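J.:
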Amino acid sequence: MVKRLKIVAVLLALLLSLAGCKGDGEKAVAPAPKPVAANGKEIKHPGEKIKIGFSMDTLLEERWLKDRDLFKKAVEGMGAECEVMAANGDDALQISQAETLISHGIDLLVVVPHNAEATAAIVNKAHQAGIKVIAYDRLVKNADLDLYISFDNEEVGELQAKEITKRVPKGRYVYIGGAITDNNAHLFKKGVFNVLQPLIDKGDIQIVYDQWSKDWTPANALINMREALKATHNRIDAVISANDATAGGVVQALKEQGLAGKIPVAGQDAELAAVQRIVQGTQTMTVYKPIKSLTIEAASLAVRMAKGEKIDTDKKVNNGKIEVPSVLLSPIAVDKSNIDSTVIADGYHSREDVYKK
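Here it is as structure tokens:
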């Protein structure tokens, strides 16, 4: 028995010594550490796909469905994967969904914030995981954001005001804003008043009603416009709405008073319903932001950043904490005269849909 135990001990010792050596007699060495990109994440092997997370505020508006589909298609066209989650206006849910995307092993996170302030938490959580963040269309405030891509949203508001003041250079104006929690709503309004304020100072224009619309909904804009009409006894000469959804609520309120088509109304986003209203004469103009260009550029930047490439931009936007490297595209004013050469020519809407009876 003792002899057997000795034999077993010798065999174990021999096995242990062999485990520490290679077959050619050299000692085994630890594997080399995997290379890492500038963001601290491991660089993927050639066969591994980059994965982009897309955290969206909402999919309840036509515009955002287009963004989702075009962005996902563009990312996948570059050989990467894209996982999309939408919170439909719930701040806590958007943060939770971002955490889920991070846990799913994304390489970069793109965010359309519902609340510009609250989503700073998403940026912090992503950075803790070594993941960079791009703010898409809307700025994230007070965070160490890596990149911001959007349209020039002040210019959007300026285009609205320029088109309406051409038609109504003097008069009583209503401004129906977007969601107060959305940084873009403030930029649109700033752009509008860049144009209106000199005319207000001259006494040519009077703002008789000015209110935000919670969550950008047509229902809340409808309530606001009804209040504006009641407060002014229908004495309104022009309305500027922060987007086409709110413009829809405005037009509905005007219809109730028999005023649709008699008072110029501005919107923005070039939604199908808005472009149809322009054809019908109940909305005066919208602002077209070529979403396809935005999604392709955003997808390219996201995939390149996820690969660890350095991105150079020529613009910066202050988000309250840092000067964020930014890419800002130009919007286009659209009225009856150029619908065919803009939204239809680009394939954003079909001619059949726009001119549907």
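Counting with mature numbering (1 follows the signal peptide of the UniProt record, and there is no 0), you get residues -22 to -1, 1 to 335 for the letters of the sequence shown. The beta-carbon is built from N, C-alpha and C at its ideal position, and this holds for glycine as well. In this text the structure is predicted, and so the values were computed from the model without any measurement.
Between Gly325 and the rest of its own chain, which residues show a CB-CB distance below 6 angstroms, the 5 nearest in sequence each way excluded?
T.: Closer than 6 angstroms at Cβ, skipping near neighbours: no residue.
J.: Beta-carbon separation of Val134 and Val265 under 7 angstroms?
T.: Yes, the Cβ-Cβ distance between Val134 and Val265 is below 7 angstroms.
J.: Would you list, in sequence order, the uninterrupted beta strand (DSSP E) runs of no fewer than 3 residues that lie entirely inside the segment 246 to 333?
T.: Runs found: 264 to 266, 293 to 296, 301 to 307, 310 to 312.
J.: By how many angstroms is the C-alpha of Leu250 removed from the C-alpha of Glu234?
T.: Whole-angstrom Cα-Cα distance: 22 angstroms.
J.: Short check: CB of Gly149 to CB of Asp247, under 7 angstroms?
T.: Result no, Cβ atoms of Gly149 and Asp247 do not sit closer than 7 angstroms.
J.: Between Gly83 and the rest of its own chain, which residues show a CB-CB distance below 7 angstroms, the 5 nearest in sequence each way excluded?
T.: Contacts found: Lys29.
J.: So the beta strand (DSSP E) Lys29 belongs to, where does it begin and stop?
T.: Looking at the DSSP string, the run of the beta strand (DSSP E) that includes Lys29 is 29 to 34.
J.: Since residue 351 and Val228 are thought to touch, with beta carbons under 8 angstroms apart, how far apart are those beta carbons, to the nearest angstrom?
T.: For the chain, the structure presents residues -22 to 335; residue 351 sits outside this window and is missing.
J.: Do you know how far the Cα of Gly239 is from the Cα of Ile269?
T.: When rounded, the distance between both Cα atoms is 28 angstroms.
J.: Pick out the complete beta strand (DSSP E) segments inside the segment 52 to 112, 3 residues or longer, and give them in chain order.
T.: List check, beta strand (DSSP E) in window: 59 to 64, 86 to 89.
J.: With DSSP run on the structure shown, which of helix, strand or coil describes Ile201?
T.: Note: Ile201 maps to helix in three-state DSSP.
J.: Can you find the residues in the same chain that come closer than 6 angstroms, C-beta to C-beta, to Asp188, ignoring five residues on each side of it along the sequence?
T.: Correct list, in chain order: Tyr153.
J.: Please report how far the alpha carbon of Asp124 lies from the alpha carbon of Glu26, in whole angstroms.
T.: Looking at the two C-alpha atoms, the distance is approximately 24 angstroms.
J.: Can you grab the Cα-Cα spacing for the pair Val332 / Gln254, in whole Å?
T.: In a straight line, the C-alpha of Val332 is about 5 angstroms away from that of Gln254.
J.: Exposed or buried, Ile178, counting other C-beta atoms within 10 Å across all chains shown (16 or more means buried)?
T.: Result: exposed.
J.: Around the C-beta of Gly236, are 16 or more other C-beta atoms found within 10 angstroms, so that it is buried, or is it exposed?
T.: Gly236 should be labelled exposed.
J.: If we count the other Cβ atoms within 10 Å of its Cβ and call it buried at 16 or more, is residue 337 buried or exposed?
T.: The structure shown has nothing for residue 337, since the chain only spans -22 to 335.
J.: Between the Cα of Gln258 and those of Ser315, Asn202, Val217, spot the shortest distance and give me the residue it belongs to.
T.: Answer by Cα proximity: Ser315.
J.: Given that a residue counts as buried once 16 or more other Cβ atoms are within 10 Å of its Cβ, and exposed if not, what is Ser33?
T.: Classification of Ser33: buried, given that the 10 Å Cβ count is 16 or more.
J.: Could you spell out the range, first to last residue, of the beta strand (DSSP E) harbouring Ile241?
T.: From DSSP, Ile241 is part of no beta strand (DSSP E); its letter is neither H nor E.
J.: Select from Asp313, Leu43, Leu117 the residue whose C-alpha is nearest the C-alpha of Ala64.
T.: Comparing Cα-Cα distances from Ala64 to each of Asp313, Leu43, Leu117, the minimum goes to Leu43.
J.: Using only the alpha-carbon positions, how far apart do Thr97 and Asp160 sit?
T.: Distance between the alpha carbons of Thr97 and Asp160: 11 angstroms.
J.: Roughly how far, in whole angstroms, is the beta-carbon of Ile142 from the beta-carbon of Ile80, given that I think they are within contact range, below 8 angstroms?
T.: Not a contact, Cβ separation roughly 44 angstroms.
J.: Who are the near neighbours of Ala113 in its chain, counting only those whose CB is closer than 6 angstroms to its CB and skipping five residues on each side?
T.: So the qualifying residues of the chain are Val89, Leu123, Tyr126.
J.: Of the residues Val62, Val186, Lys119, Ser128, which one's Cα is nearest the Cα of Ile274?
T.: Per the Cα distances, Ser128.
J.: For Val173, which of helix, strand or coil comes out of DSSP?
T.: If DSSP states are grouped into helix, strand and coil, Val173 belongs with the helices.
J.: Give every residue of the same chain whose Cβ lies closer than 6 angstroms to the Cβ of Glu301, excluding the five residues on either side of it in the sequence, and list them in chain order.
T.: Excluding sequence neighbours, Glu301 sits near Lys294.
J.: Please return the same chain residues whose Cβ sits closer than 7 angstroms to the Cβ of Ile183, not counting the five positions on each side in sequence.
T.: So the qualifying residues of the chain are Lys148, Gly149, Tyr151, Leu174, Leu177.
J.: Among Leu232, Leu137, Asp313, which one has its Cα closest to the Cα of Leu207?
T.: Checked all of Leu232, Leu137, Asp313; the closest Cα to Leu207 is Leu232.
J.: Would you tell me roughly how many angstroms separate the C-alpha atoms of Asp166 and Lys334, rounded to the nearest one?
T.: Rather than Asp, the amino acid found at residue 166 in this sequence is Phe. C-alpha separation (whole angstroms): 30 angstroms.
J.: For residue 346 and Lys168, I'd like the C-alpha separation in whole angstroms.
T.: Nothing about residue 346 can be read from this structure; the chain reaches only from -22 to 335.
J.: What are the start and end residues of the alpha helix (DSSP H) that includes residue 336?
T.: Here the chain has residues from -22 to 335 only, and residue 336 is not among them.
J.: Which partner residues of Ile183 appear in the DSSP bridge assignment?
T.: Its beta-bridge partners are Gly149.
J.: Can we count Leu123 as close to the ligand FAD, meaning its CB is less than 6 angstroms from some heavy atom?
T.: In the structure shown, the ligand FAD is absent, as is every other ligand, since no ligand is present at all.
J.: Considering only residues of the same chain and omitting the five flanking positions on each side of Asn221, which have a CB-CB separation below 7 angstroms?
T.: These residues qualify, in order along the chain: Gly156, Trp194, Gly245, Gln246, Asp247.
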